[in-house]
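K.L.:
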Amino acid sequence: MTDNADTQNPGRTDATQMLALYPEMAGKVAVVTGAARGMGAAFTAGLATRGVNVVGADINADQMAATAEEINTALAQNSLADRPGRVVGSSVDVTKAADHEALAQAALKEFGRIDFWINNAGIFPFALVEDISPEQISAVLDVNVEGVLFGAQAAARHMAPGGAIVNMSSVSAVRNRRGRGAYCTSKAAVAHLTQSLAVELGDKGIRVNAIAPGYIDTEMTRWVQDDPVALANALDAVPLHRIGSPEEVFGPMLFLLSDSARYVTGHSIAVDGGSRHV
Ligand SMILES: NC(=O)c1ccc[n+]([C@@H]2O[C@H](COP(=O)([O-])OP(=O)(O)OC[C@H]3O[C@@H](n4cnc5c(N)ncnc54)[C@H](O)[C@@H]3O)[C@@H](O)[C@H]2O)c1
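Structural data, given as structure tokens:
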């Protein structure tokens, strides 16, 4: 694994400890897709630590169940979580609208309400635009774009007033790199869809925002970390010269969900070490 220590700030506070607690979030209910690993798992753990009950859902049901159990066990031993939430693992294929409805029903049955919905599940096919197959193009648009739209539809139907949706876009929405044409297109669509959703769902008092991460340390970027040339190129394009951690993305996520952001909607927050400017 790449060392993601912040060498410019060696005394830097641990990312988990530095987060504001947002006490108003305790007792609320969140749905997080793609929660079996990576950023989705970090969002799920972080929210539960702050007293939010979470239904974490993933296409990989076994890994989701293991992650939920791991987080619940850690919460029981975590001194930060004096009023922890509970995590329930569920399965979802975000390309299926009916799965989102079932997920919403599961959250309502388990916890009685839905306050937050994080459309996080995503895939990253690496292929030059000349070579990419119709199947790869369909898959990335189905998961990354339709998955967000279907999730927002289910959330809008069932959310409590004052609810908040956050979609996962990417720095790729505004930057182009070889081999990422379809992925960049899908994430640009998510950024735009976020604005359209914010305009329409504002009528119901629901806020919709996006997070646009840069290069974050998860399984999705393992191939970069395993290739010294790709890694050097990636870090060259990050003004802060290091990979980000999922916990560093959770901070802005928490802000967007919280009452501190109650007049913020239709916005994408870049969490990318500045890489959108390079
Ligand atoms: N890691 C990065 O550097 C980075 C940068 C920018 C944006 N993102 C975006 O952030 C989100 C999370 O990325 P990550 O790095 O944690 O990825 P990851 O690959 O570690 O995790 C993605 C999760 O989504 C799940 N998933 C995939 N297809 C699904 C489907 N059809 N239905 C339900 N679940 C499905 C996977 O099983 C997996 O658990 C994605 O939308 C990704 O595009 C990641």
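Quick note on numbering: UniProt numbering labels position 255 of the sequence shown as 255, and the sequence is numbered without any gaps.
All C-beta atoms, glycine included, are put in the ideal place defined by N, C-alpha and C.
#1: Mapping the DSSP letters down to three states, classify R276 as helix, strand or coil.
#2: I want to check one thing, is the minimum distance from the CB of Q63 to the heavy atoms of ligand 1 below 8 Å?
#3: How about N72 and A41: are their beta carbons less than 9 Å apart?
#4: According to the neighbour-count rule (16 or more other Cβ atoms, all chains shown, within 10 Å of its Cβ), is A182 buried or exposed?
#5: Once the 5 residues before and after R175 are set aside, which same chain residues still bring their CB inside 7 Å of it?
#6: Between M39, Q63, A26, G34, which lies nearest to G85 when the distance is taken from Cα to Cα?
#7: Check D3 in the structure and name its three-state DSSP category.
#8: Any beta carbon of chain D sitting closer than 9 Å to that of A232?
#9: Which ranges does the alpha helix (DSSP H) cover as unbroken runs of at least 4 residues, wholly within the region 124-210, from first to last along the chain?
#10: Return the chain-ordered list of same chain residues with a C-beta closer than 7 Å to the C-beta of S170, the five sequence neighbours on each side being excluded.
#11: Distance, Cα to Cα, M1 vs G205?
#12: Select from A35, A65, T265 the residue whose C-alpha is nearest the C-alpha of A210.
#13: Inspect the beta-carbon positions of A61 and G89 and report whether they are closer than 9 Å.
#14: Sort E101, H100, A68, Q105 by Cα distance to V87 and report the nearest one.
#15: Could you tell me the distance, in whole angstroms, from the CA atom of Y263 to the CA atom of T95?
#16: Pull up the CB-CB distance for V166 and M253, whole angstroms please, since I reckon it's below 8 Å.
#17: For A156 and L201, I'd like the C-alpha separation in whole angstroms.
#18: Quick check on the burial criterion: 16 or more other C-beta atoms within 10 angstroms. Buried or exposed for D3?
P.N.:
This is what the structure gives:
#1: Three-state DSSP puts R276 in a helix.
#2: The answer is yes for Q63.
#3: Between N72 and A41, the C-beta spacing is not below 9 Å.
#4: Result: buried.
#5: So the list reads R276, once near-sequence residues are dropped.
#6: Selected option, being the one with the closest Cα: A26.
#7: Residue confidence for D3 is low, a pLDDT of 45 falling below 50, so the modelled location carries little weight and cannot support an answer.
#8: Absent from the structure: chain D. Only one protein chain is present.
#9: Look at the region 124-210 and you find these whole runs of alpha helix (DSSP H), each 4 residues long or longer: 134-141, 147-158, 181-201.
#10: Listed in chain order, the non-local C-beta contacts of S170 below 7 Å within the same chain comprise K187, A212, P213, local neighbours out to five positions each way being set aside.
#11: Unreliable placement is indicated for M1, whose pLDDT of 37 sits below 50; no coordinate value is reported for it.
#12: Of the listed residues, the one whose Cα sits closest to A210 is T265.
#13: Cβ atoms of A61 and G89: closer than 9 Å.
#14: Of the candidates E101, H100, A68, Q105, the residue whose Cα lies closest to the Cα of V87 is A68.
#15: Those two C-alpha atoms are separated by around 30 Å.
#16: That belief holds up - the Cβ atoms of V166 and M253 are roughly 6 Å apart, short of 8 Å.
#17: Using only the alpha carbons, I get a separation of about 7 Å.
#18: Residue confidence for D3 is low, a pLDDT of 45 falling below 50, so the modelled location carries little weight; the figure read from the coordinates is stated next. Exposed: under 16 other Cβ atoms inside 10 Å.
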